[in-house]
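Residue numbers (the numbering used here), protein chains in the order written: chain A, 52 to 488; chain B, 15 to 290; chain C, 74 to 367.
For reference, the structure discussed in these notes is given below.
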């Protein structure tokens, strides 16, 4: 009896829901018959992407693609925290669809590209793609992907108003940076805004500092991959961890709970002077606080002696073709499209880029935000290095937590470096890397 | 007099405590759903400077081509079918298991208990579904949801079966009842409270489950309703106003269900007593 | 088929095992087989497509996890806290809800609200409530003159804070189960006892309490196992942090899974299963022995 009643109610609700069911088609196509006949390919294309990888720029590219080729694109978005697990499971069960958006660099290996993705080595459109990126989507000598969007860079974002007020200058060395922080603290501002409430932000200083390690030992990443050296063999690595530990003195009291959002708010409202993050977070910040565009500046994490300074650049995700893609032709067409200036411009028009594109000959002009312009200056001056995870496939599972421990003073940099290495070892063994077994 | 005053004080305290413990969070949800993105990101109880409840709801409903409405439909079908099957199938199972207390049923009950402890493994389950040719279908997903809820439902049913004296069965059998009649006319009505509980809790489990549909029924058009929250909340930042507006919308069917069942639980039960 | 007395064979016919079939079939085929076969992979290095036999290596690696001991300790603590609190508080609430008070309808609805909201939403909400400076809890405490409490970042408090939220959410269902149990008690028992002069407390202790044993056992075992296996709430609220201080076995396993260490995380699941089983099975056995079958 209860069941019948339940059924009746639910049937009623279902009926109501069905009448509310309008267009169940997720396409945004307007196939304009007769306008671009030569290009109309028709057909469909499915794209699988993590939700945080997709923004207005991506939608703009999809729209432009649909209009140009008359292809119906269906975009399936996955929740961030489950996206990687899901994509790997789908790969194992053969359900990737046509195109999948996934990490480039070290994480790409976890998707077993040899088994699951289509090898596109030698495709003509790869000529348009920057070599650094191509290296990041190459596994075992085979190329797999094209970039999903611009790169982004990490460094120190600072509140220009506080600098003006305290007559501070952009620091050239790490010592000067800490002195600036002191000055800010004395004036009642938070020296460095810590946002360990979002554990992943704890890594950003370490990762952004990689430029200096890479400059002093350009082949470290390669040797590390081959298992020939440990992290302790690179003195710069320990120095980066020491910088990490040095921050604590200047952190806000609630640094362990503050999220990245909280931090941005503090930076814009002038409660804190510096926040170490990436242009990606900066873009988000500007969306919520438009005044940030003029108010917040950027400089690279300073080096030890001031002779050199550079930034670390994160590569965008890649668009990869599933090995069993049904719409193979359209998939390749999509990859090609993403390497064109047309796509980059469509993207940039809808979503202000967070860094330069990994495409040759794409000029964004002066249409970028001031902080991003600073980033571009570093890149053009060849003062940049890709983050370590893009040069070396080894990255442990607990890096964020270990960085939190170092940054909060719970463990020393010396213990931290050992812990990180042990952590990396597990992943390296999982990948079956020689030299790590 | 003393007793009445005591009772009154008790009730007042209860209301106050629940007010703080329960109403405040709920108020927070509604309040945040009314704010714009910036103020919502502060996640506090400040009053919104602009009331954007309708805009937020509209945005939630139209994102990604009204995906939410499709998802709602999907979730509803999934939930209703799964719960119906769960209730029928586990009531029967628990009935036999409790009454027929022999080695096989005892062994099986250990297996059921294990089911509460062990997490299911996605890829092998997928392979089994594939083998049965029901992978990537809604039937396959429904069966998975049923399988995952059998453990707890059986434990609940079995426990309550224990409070129905076997004497009743015997009386009915003597009166000439077969299994069917015994179960449908005598046992099941007595299990109304438990059935209501199992139905309510299973509904919540299945309705709130967003992981399994993603694994077993992939595809943008198959999205379920919990997924929509993630459209507004990502690893790197969230639109909290939209998140909570979405939560409000999602919760409506469950509230409806709960109100409906609440009556059933209250009414159906007192009559559930026995002896005759 | 064994030949027992006439009575027994009727029982066997009435309580036919065939009725178990639908549930048993679904359960065994869709759950038991895949899950236990996945245990095989705990002895391999697994990429979901290929596997390579490595014997007990995964288990050794798992036992060398830096946060294993913390995880184990926290898991047991968390399970005990949430179970204990739920069993007791839900019973008290259920009693309140069955006295025929006027505010009963309001109370029942209100207690159930948290159950309706998804765990993720609740986790996010309370995480923001518990923020040391911006969170409304500390702001309220500030008004009362008490200082800030670091709910989620103080090592001693963090686990408890999450446990409290877990209990807050779980009370709805637990109370529901108790209420079902209480309402199922025949009025005549309590009335007879009242006539005989038993006080409220005595009626509760000697009539109500024994008769709701099944309900209490259900709540106990479900919340114990649920607590030991909790993942969603801790993950959303602390992610096992800060650092590793609130790691549970489940979060340790999840982190491995999320990084593609499938063989290792499956080995972790096997270990988790053993730990929980070692605690839960004896408890269940003890409880069902005490359950009376009339």
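Beta carbons are placed, not taken as given, at the ideal position from N, Cα and C, and that holds for glycine.
- I think residue 262/B touches residue 83/B, with their Cβ atoms under 8 Å apart; what is that distance to the nearest whole Å? Wrong, their Cβ atoms sit about 15 Å apart, outside the cutoff.
- Per DSSP, cross-strand counterpart(s) of residue 204/A: 364/A
- Straight-line Cα distance separating residue 315/C from residue 112/A: 39 Å
- Query: Can you check whether the CB of residue 234/B is closer than 8 Å to the CB of residue 275/B?
  - Reply: no
- Ignore the nearest five residues each way along the sequence and tell me which others in residue 247/C's own chain have a CB closer than 7 Å to its CB. 159, 163, 292 and 296
- Query: At a Cβ cut of 8 Å, what residues of the stretch 214–235 of chain B count as close to chain A, listed as they run along the chain?
  - Reply: 224, 225, 228, 229, 232, 233, 234 and 235
- Query: In whole angstroms, what separates the C-alpha of residue 317/A from that of residue 228/A?
  - Reply: 19 Å
- Message: Between residue 118/C and chain B, is the shortest Cβ-Cβ distance under 8 Å, so that the two count as touching?
- Response: no
- Message: Quick check: what's the CA-CA separation for residue 276/A versus residue 181/A?
- Response: 23 Å
- Give the interface partners of residue 238/B over in chain C, defined as CB-CB distance under 8 Å, in chain order. Correct list: empty, because the minimum Cβ distance to chain C is about 12 Å.
- Message: At the 8 Å Cβ level, is residue 137/B part of the contact set with chain A, yes or no?
- Response: yes
- CB-CB length for residue 407/A against residue 439/A, believed under 8 Å: At roughly 20 Å, the Cβ-Cβ gap does not stay under 8 Å, so residue 407/A and residue 439/A are not in contact.
- beta strand (DSSP E) segment containing residue 150/B, residue limits: Neither: residue 150/B is in no beta strand (DSSP E) and is coded neither H nor E.
- Item | Distance between residue 263/A and residue 348/A (C-alpha atoms, nearest Å) | 21 Å
- Task: Would you mind sorting residue 20/B into buried or exposed? The rule is 16 or more other CB atoms within 10 Å of its CB.
- Result: exposed
- Query: Would you report the Cα separation of residue 377/A and residue 97/A, rounded to the nearest angstrom?
  - Reply: 9 Å
- Item | C-beta atoms of residue 128/B and residue 350/C nearer than 8 Å | yes
- For the candidate residues 194/A, 197/A and 235/A, whose alpha-carbon lies nearest to that of residue 209/A? 235/A
- Message: Counting C-beta neighbours from all protein chains within 10 Å, is the total for residue 215/C 16 or more, i.e. buried, or is it exposed?
- Response: exposed
- Alpha-carbon to alpha-carbon, residue 474/A and residue 448/A: 7 Å
- According to DSSP, which residues form a beta bridge with residue 210/A? 347/A
- Message: Relative to the C-alpha of residue 255/A, which candidate in 185/A, 242/A, 331/A and 211/A has its C-alpha closest?
- Response: 331/A
- Helix, strand or coil for residue 219/B, going by three-state DSSP, please let me know. helix
- Is the Cβ-Cβ distance between residue 47/A and residue 412/A less than 8 Å? The question about residue 47/A has no answer, for chain A in this structure spans 52 to 488.
- Item | Opposing strand residues paired with residue 151/A [DSSP bridges] | 99/A and 371/A
- Message: Under 9 Å, CB to CB, which of the residues in the stretch 328–355 of chain C have a partner in chain A?
- Response: 328, 329, 330, 331, 332, 333, 334, 335, 336 and 337
- Item | Cβ-Cβ distance between residue 89/B and residue 217/B below 8 Å | no
- Given that residue 166/A touches chain C, what residues does it touch there, using C-beta distances under 7 Å? 122
- Under the assumption that residue 368/A contacts residue 104/A (Cβ atoms under 8 Å), give the Cβ distance between them as a whole number of angstroms. 5 Å
- Query: Going straight from the alpha carbon of residue 114/A to that of residue 77/B, what length do you get?
  - Reply: 16 Å
- Message: Measuring straight from C-alpha to C-alpha, what distance separates residue 32/B and residue 210/C?
- Response: 15 Å
- Item | Run of the alpha helix (DSSP H) containing residue 319/A, from where it starts to where it stops | 311–319
- Query: Hey, residue 155/A and residue 405/A: beta-carbon distance below 8 Å or not?
  - Reply: no
- Consult DSSP for residue 403/A and reduce its assignment to one of helix, strand or coil. coil
- In the stretch 201–213 of chain C, which residues sit with their C-beta less than 7 Å from some C-beta in chain B, listed in chain order? 201, 207 and 209
- Message: Using 8 Å for Cβ pairs, my map puts residue 131/B next to residue 302/C. What's the rounded Cβ distance?
- Response: 7 Å
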